[in-house]
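Colleague: FYI, in the working numbering the residues of the sequence shown are 13 to 676.
Cβ coordinates follow ideal geometry from the N, Cα and C atoms, glycine included.
This structure is a prediction, so every number in the text was calculated from the model and none was measured.
Quick one: the structure is below, questions incoming.
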Amino acid sequence: MDRALKNIAIYVLIVLLALFAIRMTSEPRQEITEMNYPQLVSNIEQGQISEAHLLIGEQVYTVTGTLRNGDNFEAIVPKESALVAKLHDKKVPFESEQEPPPPWWMTLLTTMFPILILIAFLLFIMNQTQGGGNRVMQFGKTKAKMLTGEDVDITFDDVAGVEEAKEEMAEVVEFLKSPQKFIKIGAKIPKGVLLFGSPGTGKTLMAKAVAGEAGVPFFSISGSDFVEMFVGVGASRVRDLFEQAKKNAPCIVYIDEIDAVGRQRGAGYGGGHDEREQTLNQLLVEMDGFETNEGIIVMASTNRPDILDKALLRPGRFDRHILIDNPDVKGREAILKVHAREKPLADEVSLSIVAKRTPGFTGADLANMVNEAALLAARRGKPKIGQTELEESIERVIAGPEKKTRVISEKEKRLVAYHEAGHAIVSYFLPYSDKVHKISIIPRGRAGGYTLLLPEEDRNYITKSHLLDEICTLLGGRVAEALVLNDISTGAQNDLERTTGIVRKMITEYGMSDELGPLTFGQKSDEVFLGRDIAQNKNYSDAIAYAIDKEASNIVDNCYNKAEQILKDSMDKLHQVAEGLMELETVEADEFDAIMKGETDIKEIITKRQERQEAQEAEIKRYQEEEERRLKEEEEARQRELEEQRRKEEEEGNIEPNKKDNKD
C-alpha cells in the first residue's frame, strides 16, 4: 500500500466517522421529560396532556407531546397497549403517523462501519508484523541484499590461513570477470560452490571477500529468511530471488547457513517440515531445472554438510565442495598477522610462537585472542601489546577469565594445588603426552584450577600411545588427591568424563583394544534431527557389551596404576610444585621445568618474579611520563599556533586587537 492509497483510506475513514457523528446529532433535542407507561396513563386520566403525537413503529409507539404546564414529554409504549383508546376516552387531541424507514445510505453506513473498522485494524496489524511501509502484501518477496564491490571493504588480502580455498574462490571470481578465457577451451562455469567447515573458520568472511573481489552484483541471504509463518512463502521467495538474479546476471547468490532450508527431505514426523521441503524443492529447480540460469553462481555455507539433501549436493547444483578447515601453524601465523595489522605490537612479540601455542584455534578464536590481548594491554596502561598479554589471552580464550575475587579456603586451595600438580608431573614423565605450558589454581570459568597442556606440533592423527598417556595425565589429579590427602573429591569429574569418552572411543571406534581386536561397535549417528537414522541400532551382542565394559575398566585401571607409580616415585617434586602453586598461584612452563630438573626452588622463582614485576612497573611508569609530556607539548604547540593565527588576523585587520580596560 503506497502513501497515496494510505491517505485516501484515512480520508474515507474520517468522512465516515463525520457522517456517523452528524447522524447522531442531526436532531436537536429540547428539555424533555421522560415517562414510562404507567406515568403516561396517569397523566392522561388526570387531564395533564394537552396534545400528543404517536410515531408508530414495528413494535412500539413513540409518544411525544406537551403537558398542560408547557413541558415536553416522551414515552415509549408497547404497541399492544390500549393507549389509543385511552386518548379517545379522555378526548386528548393527538396525531399518528407511520415511522419512516431510515435512508439507504445510513443503513449502509451502520452495516459497513464495523466491517471497515475491522479491515483497518487488520491492515494495521499486518503493517506492524511486516515492519510497516509497503511490505504489507510482499510476504513472497525475497529479503536478499544486493551488494557490489563498493559496498564491501573486504578482499582476499583479508583472508588468511586457507590458501587452497582462496585459490578455488579466486578462480570462481575469474570465471565471472573473464568468462571467455574458459569458454574457449570448453570449460563450464560451476553453478554452485558449497563452503563447509567448523564454526569460526571463516566461511562467511570468504563469501564477503568474494563479494569485494567479484565486481558483479552479490545477493546475500540467510537460509532462515526463506521460512515464514505462511505456507508457500519460502518457495515464492526462492523464485523472486532468482528472478532478481537473472535481471542482474552475471551475479553471485550467497545463502548463509543453508542447512536451515536444505536439510534432507523426509526428516521428522508430522507435517511441520512440509513448508521447508517445498522451499528446498523450489531451490533445486532454480539451481538445475528445465530453465537454465546462465551467469548465476550460487554460493552457500554450512557447518553440517552431512545433513544436507543429496540432491542439493550433486554436480550440476553444488559442483564444488570447499572445506574451510581449522588452520595449521602457518595458517594461524598468517591470520595473526592480519588481525595484528593495525595494532601496535612490542618488539619482543613473536607471532610464530603464539601460532605454535594455539593448536586447534579457528580464525574467530585468533581474532578474539588478539582483541583480548589489546584490552589487557590497555587495561594495564601499556603503549603496545606484549608477549605476556598474548599468552594470557590464549588462556582467556581456552579457559575463560580469571576469578581472582573468589574466596577459597586454605584446605580447598591445598586440594586444588595437589590435584593440578598431579596432572603436570604425570604428563612430564610420559613421552607421548603434551607438554606443560602453565599450571594455575586461580579459578577460570567453571574450573577451580587448570593445567594447560599444549602440543608441540599440529596433529592430524593420534596414536594409541598418545591416547594412553593422555588418560594417565587425566587421572593424575585424582591419584594425587588419594596419595597425599588420603581422600578424593569431585574436582576430577571432568577428568573422568573425558577419560571415559577416550577409552570407549578407543575400543568401539578406533579398534585399539587388544582383547576385541580391530573392530568398531555400534552404529554411529551424528544426525541432529529425526531423519536418516531414526534409531541407533546396537550391532553387537550383550556378551560383546560386557567385554567392552571389562576392557574399558582394564585400560583405566592400568593407566591409574601407571600414574600412581609415577607420583610415588616423584613425591618430593609433587610437594614442591604444589607448594609453589599455593605460594604463587601460577607456575609457568620454564619454572616448572626448572623445578623438575632441580635447577631452582620457590624462593628463587619468587625473587625473579618480583624483579620482572618491578621492571614492568618501571616501564609502564616511564611510558606514562612520556605520554604526559607528549600531551603537554602538543597542548603548548596548539596554543602557540592559535596565538600566531590571531596575531596574523590582527595585522591584517580582520579583528580588533585586544584592549585592556583602563580603570580610573
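Kindly list the residues whose CB is nearer than 8 angstroms to the CB of P254, restricted to its own chain and excluding five residues on each side of it in sequence; keep chain order.
Modeller: Before going on, a small fix: residue 254 reads as Phe here, not Pro. Result list for F254: V265, E298, N305 and I308, in chain order.
Colleague: Quick check on I546: does DSSP put it in helix, strand or coil?
Modeller: For I546, the predicted structure reports a pLDDT of 43, less than 50, and the residue's modelled location is therefore unreliable. The matter cannot be settled from this model.
Colleague: State the Cα-Cα distance for the pair D340 and A376, rounded to the nearest angstrom.
Modeller: 14 angstroms
Colleague: Buried or exposed: L654, going by 16 or more other Cβ atoms within 10 Å of its Cβ?
Modeller: Only exposed fits L654, as fewer than 16 other CB atoms lie within 10 angstroms of its CB.
Colleague: For A557 and V185, I'd like the C-alpha separation in whole angstroms.
Modeller: 54 angstroms
Colleague: Where DSSP assigns a beta bridge to Q399, which residues make up the other side?
Modeller: Its beta-bridge partners do not exist; DSSP assigns none.
Colleague: Sorted by chain position, which residues of the same chain lie with C-beta nearer than 6 angstroms to A389's C-beta, five sequence neighbours on each side aside?
Modeller: I397 and E401
Colleague: Does the region 360-376 come close enough to the region 197-214 to have 3 or more Cβ pairs within less than 8 angstroms?
Modeller: yes
Colleague: Tell me A64's beta-bridge partners as DSSP assigns them.
Modeller: Answer is G77 and F106, bridged to A64.
Colleague: Taking the alpha-carbon of R353 as reference, which of E639, A386, G372 and N338 has the nearest alpha-carbon?
Modeller: The candidate whose alpha carbon is nearest that of R353 is A386.
Colleague: Could you spell out the range, first to last residue, of the beta strand (DSSP E) harbouring K685?
Modeller: Residue 685 is absent from the model: the chain starts at 13 and stops at 676.
Colleague: From the DSSP output, in three-state form, read off G343 for me.
Modeller: helix
Colleague: Could you please give the first and the last residue of the uninterrupted beta strand (DSSP E) stretch that includes F357?
Modeller: The amino acid occupying residue 357 in the given sequence is Leu; Phe does not appear at that position. No beta strand (DSSP E) holds L357; DSSP gives it neither H nor E.
Colleague: Name the DSSP bridge partner or partners of E46?
Modeller: E86
Colleague: Only counting the same chain, and skipping five residues up and downstream in sequence, which positions put a Cβ closer than 6 angstroms to that of I270?
Modeller: G235, A312 and T314
Colleague: Under 8 angstroms, with one C-beta from each stretch per pair, do the region 490-502 and the region 575-588 reach the 3-pair mark?
Modeller: yes
Colleague: Shortest alpha-carbon distance to Y440 belongs to which of K423, T475 and L486?
Modeller: L486
Colleague: For the beta strand (DSSP E) that M158 lies in, which residues bound it at each end?
Modeller: K157 to L159
Colleague: Whose C-beta lies closer than 6 angstroms to the C-beta of A272 among residues of the same chain, with five residues either side of it excluded?
Modeller: G235 and S236
Colleague: Can you give the beta carbon distance from I614 to E591, rounded, assuming they're within the 8 angstroms contact cut?
Modeller: 6 angstroms
Colleague: DSSP three-state call for F208: helix, strand or coil?
Modeller: strand
Colleague: Could you round the C-beta distance between G77 and H65 to whole angstroms and report it? I think they count as a contact, below 8 angstroms.
Modeller: 6 angstroms
Colleague: How big is the Cα-Cα spacing for V24 and I129?
Modeller: 12 angstroms
Colleague: Going by DSSP, what residues sit across from G529 in a beta bridge?
Modeller: S525
Colleague: Evaluate K660 with the Cβ neighbour count: other Cβ atoms within 10 Å of its Cβ, from every protein chain shown; 16 or more gives buried, anything less gives exposed.
Modeller: exposed
Colleague: Measure the beta-carbon distance from K102 to I56 and round it to whole angstroms, keeping in mind my assumption that it falls under 8 angstroms.
Modeller: 5 angstroms
Colleague: Would the region 364-374 and the region 326-346 be scored as touching if the rule is three or more Cβ pairs under 8 angstroms?
Modeller: yes
Colleague: Mapping DSSP to helix, strand and coil, what is F330?
Modeller: coil
Colleague: Does A97 pass the burial test, meaning 16 or more other C-beta atoms within 10 Å, or should it be called exposed?
Modeller: exposed
Colleague: For a quick check, are the C-beta atoms of R680 and D321 less than 8 angstroms apart?
Modeller: No information on residue 680 is available, as it lies outside the stretch 13 to 676 that the chain covers here.
Colleague: So E287 and V250 are in contact, right, with Cβ under 8 angstroms, and what is the actual spacing, rounded?
Modeller: The Cβ separation is near 12 angstroms, so there is no contact.
Colleague: Quick check on V273: does DSSP put it in helix, strand or coil?
Modeller: Judged by DSSP in its simplified three-state form, V273 adopts helix.
Colleague: Could you say if the region 560-576 and the region 471-483 meet the contact criterion of at least three C-beta pairs nearer than 8 angstroms?
Modeller: By the Cβ criterion, the region 560-576 is in contact with the region 471-483, since at least three pairs of Cβ atoms, one from each stretch, lie closer than 8 angstroms.
Colleague: Count the other CB atoms, across all protein chains shown, that sit within 10 Å of the CB of G764; report buried if there are 16 or more and exposed otherwise.
Modeller: In the structure displayed, the chain extends from 13 to 676; residue 764 sits before or after that span and is not available.
Colleague: For E639, tell me which candidate among G393, V245, I233 and R471 has the shortest Cα-Cα distance.
Modeller: G393
Colleague: Please classify E360 as buried or exposed, where buried requires at least 16 other C-beta atoms within 10 Å of its C-beta.
Modeller: Counting of Cβ neighbours within 10 angstroms places E360 among the exposed residues, the total staying below 16.
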